[in-house]
Amino acid sequence: GFLSAISSEAATQGKKDDLFTREQDYPAIVSSKQAINSVEQELRAYLKTLRAQLKKSNLDYVHMQSSEYLLEVGNSEPAIKLVPRDWIKGPSTKTVSRFHPPLVLEKLKKLSQHREELALASGAAWKAFLGRIA
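Each residue of the sequence shown is one higher than the one before, starting from 1 at the first, in the UniProt record's numbering.
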């Protein structure tokens, strides 16, 4: 039936991108999610390079309300002196500075594009689904 085609959990949480239980019926959703996962994996892999560059083995991405994939470096840490000049400074405090390296910004543009594609694909799939049950 039609109800089995929809995830009730995703529906109650308003997660339109995860609404359909048989995503293989919606190739645009599948390819958009794969593209998002690919960029996220590239960002995780790049983190190893960034840790070596700043000589900071516990460096990790920080996600804030307005920005994601920021690198947070304590202003009193030795690593702060190793931050390249071409890194874009993000929201910071007295004790920490946050940055986006150029490659991360490039990947964030791709991520945003793929997320937009996913939203469009999900919307189109929903309209097609409604057309079938109407």
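From the three backbone atoms N, C-alpha and C, an ideal C-beta is built for every residue, glycine too. This structure is a prediction, so every number in the text was calculated from the model and none was measured.
(request) Determine the direct distance from the alpha carbon of E9 to that of A125, and round the result to whole angstroms. (result) Looking up residue 125 in the sequence shown gives position 125. Looking up residue 9 in the sequence shown gives position 9. The alpha-carbon atoms of A125 and E9 are separated by roughly 18 Å.
(request) Name the two residues that bound the continuous alpha helix (DSSP H) containing H100. (result) In the sequence shown, the residue the question calls residue 100 occupies position 100. H100 -> not in any alpha helix (DSSP H); beta strand (DSSP E) instead, spanning 96–100.
(message) Give me the DSSP bridge partner(s) of I88.
(response) Here residue 88 corresponds to residue number 88 of the sequence shown, with the count starting at 1. DSSP lists H100 as partners of I88.
(request) List the whole-angstrom C-beta distance separating G74 from V96, where the pair is believed to meet the contact cut-off of C-beta under 8 Å. (result) Working through the sequence shown from its first residue, we reach residue 74 at position 74. Working through the sequence shown from its first residue, we reach residue 96 at position 96. Between V96 and G74 the Cβ distance is about 5 Å, and since that is below 8 Å, they are a contact.
(request) Compare the beta carbon distance of V62 and E77 with 8 Å and say whether it is the shorter of the two. (result) Along the sequence shown, read from residue 1 onward, the residue named residue 62 stands at position 62. Along the sequence shown, read from residue 1 onward, the residue named residue 77 stands at position 77. It is not a contact, given that the beta carbons lie outside the stated cut-off.
(request) Hey, could you find the ends of the beta strand (DSSP E) E72 is sitting in? (result) In the sequence shown, counting from the first residue as 1, residue 72 sits at position 72. Counting along the chain, the beta strand (DSSP E) containing E72 begins and ends at 70–74.
(message) Check for me: the alpha helix (DSSP H) holding N37 runs from which residue to which?
(response) Position 37 of the sequence shown, counting from 1, holds the residue named residue 37. Segment 27–54, the alpha helix (DSSP H) holding N37.
(message) Looking only at its chain, what residues have a beta carbon closer than 7 Å to the beta carbon of A79, apart from the 5 residues adjacent to it on each side?
(response) For the purposes of this step, residue 79 is identified with residue 79 of the sequence shown, where counting begins at 1. Excluding sequence neighbours, A79 sits near L54, K55, K56, V73.
(message) For V62, list the residues DSSP reports as bridge partners.
(response) Your numbering for residue 62 matches position 62 in the sequence shown. In DSSP, V62 forms a bridge with L70.
(request) Please confirm whether H114 and V30 have their CB atoms less than 8 Å apart. (result) Translated into positions along the sequence shown, residue 114 becomes position 114. Translated into positions along the sequence shown, residue 30 becomes position 30. No, they are not a contact pair.
(message) Rounding to the nearest angstrom, what Cα-Cα distance links E23 and N58 in this structure?
(response) Along the sequence shown, one-based indexing puts residue 23 at 23. Along the sequence shown, one-based indexing puts residue 58 at 58. Whole-angstrom Cα-Cα distance: 37 Å.
(request) Apply the 10 Å Cβ neighbour rule to L82 and answer buried if 16 or more other Cβ atoms are within range, or exposed otherwise. (result) The residue labelled residue 82 in the question sits at position 82 within the sequence shown. Exposed is the call here.
(request) Using alpha carbons as the reference points, say which of A52, Q34, T93, E106 lies closest to Y69. (result) By 1-based counting over the sequence shown, the position of residue 69 is 69. The shortest Cα separation from Y69 among A52, Q34, T93, E106 belongs to E106.
(request) Measure the alpha-carbon distance for E116 versus D17 and round it to whole angstroms. (result) Within the sequence shown, residue 116 is the residue found at index 116, counting from 1. Within the sequence shown, residue 17 is the residue found at index 17, counting from 1. Roughly 11 Å separates the two Cα atoms.
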